[in-house]
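Written out below as structure tokens is the structure these notes cover.
Protein chains: 2
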Amino acid sequence: MTTDAARTTGDEEEAEFLRAYDPRDFPPAAIVVDVVLLTIRAGRLSILLVERAGHPFKGAWALPGGFVEPDEDTDRAASRKLADETGLATFPGHLEQLRTYSSPDRDPRMRVVSVAYVGFMPDLPAPAAGSDAASARWWAFDDVVAEDGPALAFDHATIVADGVERARAKLEYTPLAASFTTEPFTLVDLRRVYEAVWGVELHVGNFRRKVLSTSGFVERLGVTSPPEGTRGRPAARYRRGDATILHPAMLRPGTLGADDADDDL
Amino acid sequence: MTTDAARTTGDEEEAEFLRAYDPRDFPPAAIVVDVVLLTIRAGRLSILLVERAGHPFKGAWALPGGFVEPDEDTDRAASRKLADETGLATFPGHLEQLRTYSSPDRDPRMRVVSVAYVGFMPDLPAPAAGSDAASARWWAFDDVVAEDGPALAFDHATIVADGVERARAKLEYTPLAASFTTEPFTLVDLRRVYEAVWGVELHVGNFRRKVLSTSGFVERLGVTSPPEGTRGRPAARYRRGDATILHPAMLRPGTLGADDADDDL
DNA sequence: GAAATAGTGTCTATAAGACAGTATAAA
DNA sequence: TTTATACTGTCTTATAGACACTATTTC
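Protein sequences, first through last, are from chains A and B.
Start counting the first sequence at -9; every next residue gets the next number (my numbering).
Start counting the second sequence at -9; every next residue gets the next number (my numbering).
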């Protein structure tokens, strides 16, 4: 179909069409990105929230994010916002698109479509200097969803819930748990990531067997000197392997039929 | 955090803020939806494409879709477009958000952000009448991605590939294969869905054992009279069960380590 | 040696792959 | 009775859950 000749003719016509085109013919909207940025702090799954300084939702807590500039795509906007927010030149973790939220009244100002992202990063000491993040802090996820938790702006409570569910699912079939750690890590570190994100206790021996028998999940670096002041047998260190998906997947315990809540219409 | 008193004061201030707000302060964009609509025709995974009547990409093939109206969210826009396109009052299948495509130059006219959807539907006879779909036709997926396949508009080749990969993944851990059939269906019908979407042959006996042993996947209706002109033993009919996810998942054969291509940055 | 932490071995249950067989219909 | 289609049984292998055990360090 669509011969080359037809396309060539079309290209000339198309240039003319584009010269005459008026962008104001279409219903406009603003595009923002919002990031569910997750880490493990003190053994708890934690999320970065920013207290809103201005209207709307002044004083409520919101996901880090902001408007997408005309010359960037949403991936780049999300990376840029995270660099601003964490004060780091490059974001030291994993970042992926979550989904898009487009209810016409989700922002009282105007039509604002939010392309949400979810990010995983290690628990780095906050750099603070030079960052946008005067009003930002980490919240334990359990505290955010608790009865007496913070008021969340816009539809960010929904986005947070969806982001955490995505994180839980991703740990099942990808090696991305390692994105929550700094390398080198121990298998105990890795297990604590699973336990914090899934909110369960995992069996030590079975977890080790599973991780080590899944090819490309981790690479052993050997036993190096443990941190000062630790007791007990020093743990072997690992780094990420080259797998992008886990085969077979890690199984999340307690997932017995009812679970998940996908984005049907 | 954020006492009720503070929120009340804020609400008055906020109303004032919104009265003074000028939406033109933000970089505008148009929002469209594009749908990767899949079905099984003659045993082949097939996708609905529309030949573009106007510029840009005049004569090329594109995903069905279009602009999101000011008073609707993208879910509703996608459903509406499918109803227009198929000529059916309500879309007879499964529809879910895929991901959002936002490269600044993906549309030569202006900044257009596409929220893509993926849909599964049975192979219904085309109603034609009253539909937008004069220029629409089903393409076998293999033919679309072939060397001599149709020219696809915008970044729709990428969206098609992502949509098909989503469909393949969804059949693994959900009972959505049934969305490709009309009820009642036979287990042979269901197996042919898997074979068409995954592009593999499945072992008959093992497939049956797996489907029937996964609780909530299908419900048996009994053996009803087979269609005219069929030979051989009549097959038992089933309808969907009440499960939303499969436990354990259906395993896609040949997924041995390398596969998947997720949306990292 | 006691305490603390890391790591191994093994039995059992479940589920998947392979493959050979039986059942029920039309011509 | 042949042919076509639907369905069942069973042996083997891979993986996960449960749980008891051994190893290496500090104090």
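Built from N, CA and C at the ideal position, the CB exists for glycine as well.
For residue i, return the contacting residues in chain A, with the cut-off set at a CB-CB distance below 9 Å.
i	result
D61 of chain B	P94
V178 of chain B	Per Cβ cutoff of 9 Å: no residues; V178 of chain B is ~26 Å from chain A at best.
Is the CB-CB distance between residue i and residue j below 8 Å?
i	j	result
V26 of chain A	V108 of chain A	yes
W129 of chain A	S36 of chain A	yes
A225 of chain B	L177 of chain B	yes
F207 of chain B	P238 of chain B	no
V111 of chain A	T29 of chain A	The amino acid at residue 111 of chain A is misidentified as Val; the sequence shows Met. It is a contact, given that the beta carbons lie within the stated cut-off.
Y163 of chain A	L236 of chain A	yes
R31 of chain B	D113 of chain B	yes
K71 of chain A	V150 of chain A	no
S92 of chain B	T64 of chain A	yes
R321 of chain B	F197 of chain B	The question about residue 321 of chain B has no answer, for chain B in this structure spans -9 to 255.
Rounded to the nearest angstrom, what separates residue i and residue j at their Cα positions?
i	j	result
A159 of chain B	G44 of chain A	42 Å
A50 of chain A	R101 of chain A	20 Å
P243 of chain B	S169 of chain B	21 Å
E173 of chain B	V105 of chain B	30 Å
R34 of chain A	V134 of chain A	12 Å
L241 of chain B	D74 of chain B	36 Å
Y228 of chain A	D97 of chain A	45 Å
G231 of chain B	V213 of chain B	17 Å
A119 of chain A	F81 of chain A	For A119 of chain A, the pLDDT reaches just 49, beneath the cut-off of 50, and the residue's location in the model is therefore unreliable, leaving the point undetermined.
G153 of chain B	R89 of chain B	9 Å
T234 of chain B	R223 of chain B	31 Å
F202 of chain A	S215 of chain A	According to the sequence as given, residue 202 of chain A is Leu; it is not Phe. Rounded to the nearest angstrom, the two C-alpha atoms are 21 Å apart.
R42 of chain B	R156 of chain B	25 Å
A167 of chain B	L161 of chain B	6 Å
G139 of chain B	K200 of chain A	43 Å
R221 of chain A	G195 of chain A	20 Å
V219 of chain A	F175 of chain A	Here the sequence assigns Gly to residue 219 of chain A, which means Val is not the residue at that position. Rounded to the nearest angstrom, the two C-alpha atoms are 17 Å apart.
D132 of chain A	D1 of chain B	27 Å
H84 of chain A	E62 of chain A	19 Å
A186 of chain A	Q87 of chain B	28 Å
L78 of chain B	P115 of chain B	11 Å
I21 of chain B	A141 of chain B	23 Å
S69 of chain B	P217 of chain A	57 Å
Where does the unbroken alpha helix (DSSP H) through residue i begin, and where does it stop?
i	result
A68 of chain A	T64 to T76
F131 of chain B	F131 to V135
I149 of chain B	H146 to Y163
Quick one: which chain B residues come within Cβ less than 7 Å of residue i?
i	result
R101 of chain A	P60
A136 of chain A	None at all; the shortest Cβ gap to chain B is about 11 Å.
Below 8 Å on the Cβ atoms is my guess for residue i versus residue j; work out the distance and round it to an integer in Å.
i	j	result
V40 of chain B	A126 of chain B	5 Å
A67 of chain A	A143 of chain A	That belief does not hold up - the Cβ atoms of A67 of chain A and A143 of chain A are roughly 19 Å apart, past 8 Å.
P17 of chain A	F47 of chain B	Contact flag wrong, Cβ pair sits at about 21 Å.
P54 of chain B	P60 of chain A	No, P54 of chain B and P60 of chain A are not in contact; Cβ-Cβ is about 28 Å, not under 8 Å.
A19 of chain A	A19 of chain B	6 Å
Could you list which residues in chain B have their beta carbon closer than 9 Å to that of residue i, in chain order?
i	result
T148 of chain A	Those within 9 Å of T148 of chain A in chain B number zero; the least Cβ separation is about 13 Å.
Applying a beta-carbon distance threshold of less than 7 Å, which residues of chain A neighbour residue i?
i	result
D64 of chain B	Checking the sequence, you will find Thr at residue 64 of chain B rather than Asp. Within 7 Å Cβ-Cβ: T90 and S92.
What residue range is occupied by the uninterrupted beta strand (DSSP E) comprising residue i?
i	result
I30 of chain A	P18 to R31
H193 of chain A	Careful: H193 of chain A lies outside any beta strand (DSSP E) and carries neither H nor E.
E209 of chain B	V208 to G212
V58 of chain A	First-last for V58 of chain A: undefined, no H or E at that position.
E41 of chain A	R34 to E41
S104 of chain B	V102 to F110
E86 of chain A	H84 to Y91
R221 of chain B	That residue, R221 of chain B, is in no beta strand (DSSP E); it is neither H nor E in DSSP.
R227 of chain B	R227 to R230
Against residue i, what residues of chain B qualify as contacts under a CB-to-CB distance less than 8 Å, listed in chain order?
i	result
V105 of chain A	T90, S92 and V103
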